[in-house]
Amino acid sequence: MIMKKAVILLSGGLDSATCLAIAKQDAYELHALSFNYGQRHEFEIDAAKNVASFIGVENHINLKIDLRAFGGSALTDDIEVPKERNTSQISNEIPITYVPARNTIFLSFGLAFAETIKSNDIFIGVNALDYSGYPDCRPEYIESFQKMAQLATKSGTEKNNQITIHTPLIQLTKAEIIKIGLELGVDYGITHSCYDPFSNGNPCGACDACQIRLKGFLDAGLLNKEEIEIVNESLDFLLKIRNHLHLNKASDFDVIDYGFQSSAADFLRIKDDGFLTKENLFMKIFYRTTNKISQLTDKIIQRTVEKKIFTSRRIQNLDDFYIIHRGKIRAINPGSILDHPKNILKPFEYCANHSIEISDEVVNEVKKIKFHKFSIENKKALYSSFYDFLKKGKNVYVALKTLNNSELINFFIPEFEKIKDLAVADPSHIYTVDVHSLFVVNEFDKLLSGFYKEEFPLETKVANGLKRREVFYLASLLHDIGKGFGSNHAKKGAEMCKKICSRLTADKESYEFVEFLVREHLTMSSYSQKRDLDDPELISEFRERVRTMERLSYLFILTFCDLRSVGTDVWSPWKGSLLSTLYKKTIPLISKTKKGRLGKSKPCLLYTSAAADE
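Okay, structure coming up:
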C-alpha cells in the first residue's frame, strides 16, 4: 500500500506536535517543515527536531528566512513581550506577538514543498479559539488560502487534484487539543511554547503562550493550581542549587557530592538543629523537592493512562464509603471522609488488599484532615485500626508507601517525620532513611508471598513462621527511627519504642519485643561478618543476647531484610551465608536452655559496640 504524503508545518510547539501526531494516525507519510525566521530564540527549533524524531517523520526540513529584517512583532523585533495578561486581555485584540503575514509565508513555503514531493495535503496547527486575536488563524483565512493554492499551482490546476489545508485543531480548546495529543502518545515535555524563555530555555511562565498552555493543562484535568505551584517552587529551588553547584565547582558539574552539601546549606542559610547537621537538613529539603516532582509525575502519568485505558463503567463496591472504579479506589462521597474518622485508613487497606492505587480526590481529602481536632476517642480508634492493619500482614508495603507519600503516616508515627527524606552520609546507603525502612517492609512482604522461595528457602520458611507480624512491621519501620535524633541510632530508637508502640495500642510484651529488635538490629550482622563463626564462645555470647528462639528468628529475618534494603552493593551471597550460618549454629544452644515465655527471659546484655552505629 502506497501512503499519501503530507506536509506538516512544525514549530515545535504543543499545537503543531499534536497536528503531526494526527497526520501520523491518518496514515500519512510525514514530511515536516520548520522555520528559523529570526524569532527571539531558537529553542522551538530544537523542540521541533525532537518532536520530529519522537513521532517519526520521513523528512524534516528546517528552512531559514529572516523576518527580523521587517520587524513589527515582539517575536522579531526589540519589543517587550506582554506578560501576566489574563485570557480576556489575550483575546481582546491582535497582540504585539503577531508576526505580520507569518502563516501566509509559512503556508506558501509549505505549498511549494508539497507540490515538489507531489502531495496534496498540508497540515497546520492553527487554532481560532485560543488565539482569536491572530487574523491568520481564522477558518475563513484558511479557506481563502486553500482556494488560492488551487489556482496558484500546477498540481492544483490538474484535473481531479484537490489541494487541502488540514486544520484539525482550529475549533478545539487547548484542553481538548492536549487530551487528543495524550491519546496519540504525544510527549508534551519535549515541546516548547514560550515567547520569551530564560537563557537556559526554561519557559517564563508569564507570556500569553505560557498562560494559555498552563490553562490548557489545568482544564484538561492533568494538573491543578496547587500542583502547578509545586512545580514552580520545585523548579526554582533546583535551579538555584544547580547554579550554585556550577559556580562552586567552576564547571557544569551536576552531582551533589558530600563536599558540596555544606556549601549548599550555607547558601540556603541552613543551620544545625541540635539533632541533624546542616548537611542532613539540606539533603532533606533536596530529596523532599525531588520526591514531590516524582510523585506529581506519577500522578500525571496515571491520569493520562486512566483516560486512555479505563473505559469500563463497572463499579465494584468495597463498602458503604469506597468503590473501585476506572482502576482506582474512590470515595462515593469524598467529603464524607472527614465526617467518619474510622474510615480514613480503609482506602489504604484496600490499596494493599487489591493492589490498586487510591484516587487523587481521596488522598486530597485525607490531607485536609486536621488530626489535632480529633477527639481522644477517635484518635484511639484510628491508632487501633492502624495496628490491626499491621496484624493482618498483607501487602503492607503498598499501603505504608502510600501513607508515607500522603504524609498520613506522620499521624500514627510523628517521629517518622525526622527520618523522612533524610540522607545518610554513607555511599552504601543509596536511599533516604524513610524509603530504606519501607524497603525493609517490602522485603518481608516478598518473603511472605513466596517471591524468594527458590532463592532463599530458609529465610522464606522462617519468615512465614513469624506469627506476630505487627511486631516485625513496627520493628522495620522503627529500626532506624533514631537516625533523626543524633548519633547511636539503635539505642535512641529503642528508647523511643515504648512511647510509639503504646500510642498504637500495642501491649507491653509486644513493645518490649519491638524495643529489643530495634536495639539489636545491627547485632547479628556485626557478629556474622566481623567475628569468627567457628568460635564456640562467640555463638554462646550471641545466644545470650537473643535468649529465645522467637527473638532469634525475628532478628534473623530483620537483619536479612535490612541488608537487602540498604543498597545494591551491600547485600552479597557471602553475607547471606554468614548470616544463615550464625542462625543455624545458635539454634542448638537455645534448644538446650529452658524455653520461657517472651518477657520472662533474663534481661538482654547491656548495649555494646556490636550494636553501635556503623
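Numbered according to my numbering, the sequence shown spans residues 2 to 615. In this text, a Cβ means the ideal position worked out from N, Cα and C, and glycines have one as well. A quick note: this is a predicted structure, and the numbers were derived from the prediction, not measured.
Legend entry - Burial state of D318, where buried means 16 or more other Cβ atoms lie within 10 Å: It should be noted that the sequence gives Asn, not Asp, for residue 318. It counts as exposed.
Inset, instruction - Taking only the alpha-carbon atoms, compute the straight-line gap between T461 and A53 and give it to the nearest angstrom. - result: 51 Å
Legend entry - Bridge-paired residues (DSSP) for H32: V8 and N60
Legend entry - Start-to-end residues for the beta strand (DSSP E) that takes in A332: K329 to A332
Legend entry - Exposed unless 16 or more other CB atoms sit within 10 angstroms - verdict on K419: buried
Inset, instruction - For T582, collect the residues of the same chain with a Cβ closer than 6 Å to its Cβ; drop the 5 residues on either side in sequence, then sort them by chain order. - result: L534
Legend entry - Through-space distance from S12 to T77, alpha-carbon basis: 15 Å
Inset, instruction - For C562, name the three-state secondary structure that DSSP assigns. - result: helix
Legend entry - DSSP state of Y384 mapped onto helix, strand, coil: helix
Inset, instruction - Could you pull the start and end residues of the beta strand (DSSP E) that N318 belongs to? - result: I316 to N318
Inset, instruction - Determine contact between the stretch 245-256 and the stretch 264-277, defined as no fewer than three beta-carbon pairs at a distance below 8 Å. - result: yes
Inset, instruction - Note down the Cα distance separating A115 from L31, rounded to an integer number of angstroms. - result: 11 Å
Inset, instruction - Output the distance between the C-alpha atoms of P204 and P198, rounded to the nearest integer angstrom. - result: 4 Å
Inset, instruction - Check whether the Cβ atoms of L627 and S194 lie closer than 8 Å to each other. - result: Outside the shown range of the chain (2 to 615) lies residue 627, about which nothing can therefore be said.
Legend entry - Backbone CA spacing between A18 and A48 [nearest angstrom]: 10 Å
Inset, instruction - Answer with buried or exposed for I179, where buried requires no fewer than 16 other C-beta atoms within 10 angstroms of its C-beta. - result: buried
Legend entry - Residues near I324 by beta carbon distance below 7 Å, same chain, minus five either side: I316, Q317, N318, R331 and I333
Inset, instruction - Could you please give the first and the last residue of the uninterrupted alpha helix (DSSP H) stretch that includes D237? - result: K226 to K250
Legend entry - Beta carbon of I338 nearer than 8 Å to that of T403: no
Legend entry - Residues that H167 bridges to, as DSSP identifies them: F124
Inset, instruction - May I have the straight-line CA-CA distance separating A613 from M497, to the nearest angstrom? - result: Residue placement at A613 is flagged as unreliable, the pLDDT there being 35, under the threshold of 50; a coordinate-derived value is accordingly withheld.
Inset, instruction - Let me know the secondary structure DSSP gives C195 once reduced to three states. - result: coil
Legend entry - Meets three-Cβ-pair contact criterion under 8 Å: the stretch 453-473 and the stretch 430-439: no
Inset, instruction - Would you mind listing the alpha helix (DSSP H) stretches within the stretch 372-434 that are 4+ residues and don't spill past its ends, in chain order? - result: 377-393, 397-406 and 410-413
Legend entry - Start and end residues, alpha helix (DSSP H) containing I591: P574 to K593
Legend entry - Closest by C-alpha distance to R139, when choosing among T168, I46 and K148: T168
Inset, instruction - Note down the Cα distance separating L478 from R214, rounded to an integer number of angstroms. - result: 43 Å
Inset, instruction - Take the Cβ of Y29 as the centre, count every other Cβ of all protein chains shown within 10 Å, and call the residue buried at 16 or more, exposed below. - result: buried
Legend entry - Where N281 falls: helix, strand or coil (DSSP): helix
Legend entry - First through last residue of the beta strand (DSSP E) which encompasses Y323: Y323 to H326
Inset, instruction - Report the three-state DSSP secondary structure of I143 (helix, strand or coil). - result: helix
Legend entry - Distance between D220 and E81 (C-alpha atoms, nearest Å): 28 Å
Legend entry - Short Cβ contact (8 Å threshold) for E444 with C562: yes
Inset, instruction - Within 10 angstroms of the Cβ of T158, are there 16 or more other Cβ atoms? Answer buried if so, exposed if not. - result: exposed
Inset, instruction - With a 10 Å radius around its C-beta and 16 neighbouring C-beta atoms as the bar for buried, classify T117 as buried or exposed. - result: exposed
Inset, instruction - Quick one: using the 10 Å Cβ neighbour count with 16 as the cut-off for buried, is Q147 buried or exposed? - result: buried
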